Every structure is written in C-alpha cells, then in structure tokens.
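Enquirer:
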Amino acid sequence: MEPEPIQAIERMDEFDLLQIISPEIRLTADLKMLFEEVRGVLSWFNHLYLEEPYESWKVYWHGLTSALDPKALQALGRDFKWEMPRAAEWWRRGRE
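Listed below in structure tokens is the structure:
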C-alpha cells in the first residue's frame, strides 16, 4: 500500500494520469477533502479494529470514482474488465 495515497493521487493529477483511469475524474477541492476524510476514517478504524484486515486502496478507489455517473462507472468497469452488474443500482441508491 502506498504510504501517502493522497500525495500519489495529486502527483498523478499533475501528470494528467487520472484521465487514463477515466476522462471524467477530476481532482477537485471536494475530492481532496473527501480523501482527507477517508484518511481520518481509516486511521480511526485502524485504532479500533487492529485485527480486522481490509485493503485501504479500495476505499481510496471508491472515493476517486465516487463522482462518476453510472454510465461512466460501467465504462470504467468494462475498461478494467471488471464484473459490475450492479454498479448503476449501487450508484443510484447512494444518491437517494
């Protein structure tokens, strides 16, 4: 795991590499704030649940892709060859 994922994502943005993941991903002030909140939540989780394994990169990934609409999220899944049959439903429920 990247020790400083926020800095890595900012660096990727400097080189326009986020566009390779999806042309709709933009590193906005809101997204940076979300990443800071994710960092805080993961820190809290790590202190409370020392024995619980998880993959923190997935949490940052969900943050990074959280602003994508269902169509873009499904396109991303196709590009990465991921099975995402419920992506649109998940996104819609999360917005309600």
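The sequence shown begins at 5 in the numbering used here and counts up by one. The beta carbon of each residue, even a glycine, is placed where N, CA and C say it ideally should be. Remember, it's a predicted structure, so these values are computed and weren't measured experimentally.
(1) Where does Pro57 fall in DSSP's three states?
(2) Check whether the region 35 to 44 and the region 56 to 74 are in contact - that is, three or more C-beta pairs closer than 8 Å.
(3) By alpha-carbon positions, which one of Ala12, Leu72 and Leu54 ends up nearest to Pro27?
(4) Consult DSSP for Trp65 and reduce its assignment to one of helix, strand or coil.
(5) Below 7 Å CB to CB, which residues in the same chain sit around Glu184 once its five sequence neighbours on both sides are set aside?
(6) Nearest to Trp61 by CA position, among Arg15, Leu22, Leu46 and Met16, is which residue?
(7) Starting from the C-beta of Ile29, find all residues in its chain whose C-beta is less than 6 Å away, skip the five residues before and the five after it, and write them out in chain order.
(8) Please state whether DSSP places Leu21 in a helix, a strand or coil.
Expert: Reading it off the structure:
(1) coil
(2) yes
(3) Leu72
(4) helix
(5) With the chain represented from 5 up to 100, any question about residue 184 goes unanswered, as that position is not in the structure.
(6) With respect to the C-alpha of Trp61, the residue from Arg15, Leu22, Leu46 and Met16 having the closest C-alpha is Leu46.
(7) Hits under 6 Å: Leu22.
(8) coil
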